[in-house]
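J.: Please find one structure pasted underneath; my questions will follow.
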Amino acid sequence: MAHYRQLGDVPRKRHTQHRTPEGGLYYEELMGEEGFFSDSSLLYHKGIPSAITAASVWELPDQSTTANLPLIPRHLKLHELFQGAEWKNTDVVTGRRLVLGNADVRLSYVVAGAPSELYRNGLGDECVYVESGSAVVETVFGSLEVGRGDYVIVPRATTHRWVPAGDEPLRAYCIEANSHITPARRYLSKYGQLLEHAPFCERDLRGPVGPLVVDGGEVDVLVKHRGPGGVVGTRYTVPHHPFDVVGWDGCLYPYAFNIADFEPITGRIHQPPPAHQVFEGNNFVICNFVPRKVDYHPLSIPVPYYHSNVDSDEVMFYCGGNYEARKGSGIGQGSISLHPGGHTHGPQPGAYERSIGVEFFDELAVMVDTFRPLELGEAAGACEDPNYAWTWSRR
Numbered sequence: 001m002a003h004y005r006q007l008g009d010v011p012r013k014r015h016t017q018h019r020t021p022e023g024g025l026y027y028e029e030l031m032g033e034e035g036f037f038s039d040s041s042l043l044y045h046k047g048i049p050s051a052i053t054a055a056s057v058w059e060l061p062d063q064s065t066t067a068n069l070p071l072i073p074r075h076l077k078l079h080e081l082f083q084g085a086e087w088k089n090t091d092v093v094t095g096r097r098l099v100l101g102n103a104d105v106r107l108s109y110v111v112a113g114a115p116s117e118l119y120r121n122g123l124g125d126e127c128v129y130v131e132s133g134s135a136v137v138e139t140v141f142g143s144l145e146v147g148r149g150d151y152v153i154v155p156r157a158t159t160h161r162w163v164p165a166g167d168e169p170l171r172a173y174c175i176e177a178n179s180h181i182t183p184a185r186r187y188l189s190k191y192g193q194l195l196e197h198a199p200f201c202e203r204d205l206r207g208p209v210g211p212l213v214v215d216g217g218e219v220d221v222l223v224k225h226r227g228p229g230g231v232v233g234t235r236y237t238v239p240h241h242p243f244d245v246v247g248w249d250g251c252l253y254p255y256a257f258n259i260a261d262f263e264p265i266t267g268r269i270h271q272p273p274p275a276h277q278v279f280e281g282n283n284f285v286i287c288n289f290v291p292r293k294v295d296y297h298p299l300s301i302p303v304p305y306y307h308s309n310v311d312s313d314e315v316m317f318y319c320g321g322n323y324e325a326r327k328g329s330g331i332g333q334g335s336i337s338l339h340p341g342g343h344t345h346g347p348q349p350g351a352y353e354r355s356i357g358v359e360f361f362d363e364l365a366v367m368v369d370t371f372r373p374l375e376l377g378e379a380a381g382a383c384e385d386p387n388y389a390w391t392w393s394r395r
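1 is the number of the first residue of the sequence shown in my numbering; add one for each residue after it.
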């Protein structure tokens, strides 16, 4: 996000001496994207950020996937994945269960109540949507307080941890890219400013508060990275706490954006899914459907027309309200629908006619469209509704 911020103690000129009160040097770290040709930030550490004292394999949760064969639409009930009180000892990082994935993006779900270990994703940016609950996301840039409806964008290789707050379970839908995640390009000027026609602006983005400046000795950091066969993990032991940053500045940092601050684009007739886009990564987009006034042409049909996404798989995560087009399908709060490329989909039987004359939709959903086929993770098999594919044939 090319929006400059500065926090804490930084020198007047970059790449120059920045001394501690005792006369020693702080250690400058550049975090930059695309080989120095894109957004970056400079962080000033008390300790050497490259130092490690041990490394071992971190055994990740099951990352295996299976093809969507036969090719059918699917309904996954994510709230069935974490039962009873197990969430109290589960954390947002190691407790994620893989629902869907391909070479570009992995979609996971977790219900957590325990603080995570320090963690960084070396494969790509993460976009974590908070379905319910609240947390503090502590990072090398400072901390973010997040809660229901927040998207949390964490840039690749940002060391951070999730600390749930309160007594309510933290439910998180995790979108892990193998690329960077940015606001939709058509909303940005050539210099990166959000334009007037964008459904949100920089005022809606919440950056980190801090810096944290944690003093501490040896600690472990979990790192997710590329390896043989795809995603692998390493556990580093570092000699001092990574949150030893006294200041930083730049255009690369984690931020939060609440879905309630998305201003929906509406029209006289039905608007296509790109009108609901918020973010994008390589070979996928993220859209959201929020409460809104719907089509007001006198002959309009407010629910979506039947459509074939010939180039993409469509994943809808239903996280609030009543989704008019899906009534009668069994889909509810916490559901995911997967409508794969090659299959025509649209409203459930009866929804087309029932929507005529409706003026407002009270619905909340996060959509991910991918341009390569998605495969099913272990969590998909654990919570699938086997009857969904046949619901359009019911009368």
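Ideal placement from N, C-alpha and C gives every residue a C-beta, glycine not left out. Predicted, not measured: the structure shown is a model, and the values here were computed from it.
Can you tell me which of the three DSSP states Y388 falls into?
T.: Taking the sequence shown and counting its residues from 1, the one referred to as residue 388 is at position 388. If DSSP states are grouped into helix, strand and coil, Y388 belongs with the helices.
J.: Would you decide whether V310 is buried or exposed? Buried here means 16 or more other CB atoms lie within 10 Å of its CB.
T.: Position 310 of the sequence shown, counting from 1, holds the residue named residue 310. Per the 10 Å Cβ criterion, exposed.
J.: From the DSSP output, which residues share a beta bridge with E138?
T.: On the sequence shown, position 138 is the one that residue 138 refers to. DSSP, once it has assigned bridges, lists S143 and R161 as partnering E138.
J.: Can you say whether S189 is buried or exposed, counting buried as having 16 or more other CB atoms within 10 angstroms of its CB?
T.: Residue mapping note: residue 189 aligns to position 189 of the sequence shown, counting from 1. By the 10 Å Cβ count, S189 comes out exposed.
J.: Using the beta-carbon count (16 or more within 10 Å), is D215 buried or exposed?
T.: The residue labelled residue 215 in the question sits at position 215 within the sequence shown. It counts as exposed.
J.: Helix, strand or coil: which one does DSSP assign to K46?
T.: In the sequence shown, the residue the question calls residue 46 occupies position 46. DSSP places K46 in coil when its eight states are reduced to three.
J.: Do the region 122-141 and the region 166-184 meet, that is, are 3 or more Cβ pairs less than 8 Å apart?
T.: Judged by Cβ distances under 8 Å, the region 122-141 makes contact with the region 166-184, as three or more pairs qualify.
J.: Quick one: grab the DSSP three-state call for A198.
T.: Translated into the one-based positions of the sequence shown, residue 198 becomes position 198. A198: coil per DSSP, three-state reduction.
J.: Is the CB-CB distance between G320 and L374 below 7 Å?
T.: Counting from one through the sequence shown, the residue named residue 320 turns up at place 320. Counting from one through the sequence shown, the residue named residue 374 turns up at place 374. The answer is no: Cβ separation not under 7 Å.
J.: Apply the 10 Å Cβ neighbour rule to H339 and answer buried if 16 or more other Cβ atoms are within range, or exposed otherwise.
T.: Working through the sequence shown from its first residue, we reach residue 339 at position 339. Counting Cβ neighbours within 10 Å, H339 comes out buried, since at least 16 surround it.
J.: Could you give the C-beta distance for C287 and H276, rounded to a whole number, given that I count them as a contact under 8 Å?
T.: By one-based count along the sequence shown, residue 287 stands at place 287. By one-based count along the sequence shown, residue 276 stands at place 276. Confirmed, Cβ separation roughly 4 Å.
J.: Would you check if the distance between the CB atom of S116 and the CB atom of W162 is smaller than 7 Å?
T.: As a first step, residue 116 is located in the sequence shown; it is residue number 116 there, counting from the start. As a first step, residue 162 is located in the sequence shown; it is residue number 162 there, counting from the start. Yes, the Cβ-Cβ distance between S116 and W162 is below 7 Å.
J.: Suppose the cutoff is 7 Å on Cβ atoms and the five residues either side in sequence are ignored; what does the same chain contact list for G247 look like?
T.: Here residue 247 is taken as the residue at index 247 of the sequence shown, counted from 1. Taken in chain order, the residues that qualify are L7, G8, D9, V10, Y44 and P211.
J.: Using a Cβ distance threshold of 8 Å, determine whether the region 33-44 contacts the region 64-83, with at least three qualifying pairs required.
T.: Not touching, per the Cβ criterion.
J.: Is DSSP giving W248 helix, strand or coil here?
T.: The residue you call residue 248 lines up with position 248 of the sequence shown. Three-state DSSP puts W248 in a strand.
J.: Three-state secondary structure (DSSP) at Y352?
T.: The residue you call residue 352 lines up with position 352 of the sequence shown. Note: Y352 maps to helix in three-state DSSP.
J.: What's the C-alpha gap between V245 and Y26?
T.: Along the sequence shown, one-based indexing puts residue 245 at 245. Along the sequence shown, one-based indexing puts residue 26 at 26. Distance between the alpha carbons of V245 and Y26 is about 9 Å.
J.: Measuring alpha carbon to alpha carbon, tell me which residue in K46, E29 and R5 is nearest G23.
T.: As a working mapping, residue 23 is identified with position 23 in the sequence shown. Here the closest residue by C-alpha is K46.
J.: Tell me which residues share the same chain as E168 and place their Cβ nearer than 8 Å to its Cβ, disregarding the 5 neighbours each side in the sequence.
T.: By one-based count along the sequence shown, residue 168 stands at place 168. Around E168: S132, G133 and S134.
J.: Which of the three DSSP states, helix, strand or coil, is assigned to L78?
T.: Translated into the one-based positions of the sequence shown, residue 78 becomes position 78. It is helical.
J.: Can you give me the start and stop residues for the beta strand (DSSP E) that A325 sits inside?
T.: As a first step, residue 325 is located in the sequence shown; it is residue number 325 there, counting from the start. No beta strand (DSSP E) holds A325; DSSP gives it neither H nor E.
J.: Confirm, please, whether the CB-CB distance from V285 to D369 is below 7 Å.
T.: Here the question's residue 369 lines up with position 369 in the sequence shown. Here the question's residue 285 lines up with position 285 in the sequence shown. Yes, Cβ-Cβ distance for D369 and V285 is below 7 Å.
J.: Below 8 Å on the Cβ atoms is my contact criterion, and I expect F257 with D204 to pass it. Report the Cβ-Cβ distance as a whole number of Å.
T.: In the sequence shown, counting from the first residue as 1, residue 257 sits at position 257. In the sequence shown, counting from the first residue as 1, residue 204 sits at position 204. Sure, about 6 Å apart at Cβ, within 8 Å.
J.: Mind checking R186: buried by the 16 CB within 10 Å criterion, or exposed?
T.: Numbered from its first residue, the sequence shown carries residue 186 at position 186. Exposed: under 16 other Cβ atoms inside 10 Å.
J.: Thinking C-beta only, is A379 closer than 7 Å to L81?
T.: Along the sequence shown, read from residue 1 onward, the residue named residue 81 stands at position 81. Along the sequence shown, read from residue 1 onward, the residue named residue 379 stands at position 379. Contact flag set, yes.
J.: Kindly indicate the opening and closing residues of the alpha helix (DSSP H) around G381.
T.: Within the sequence shown, residue 381 is the residue found at index 381, counting from 1. Residues E378 to A382.
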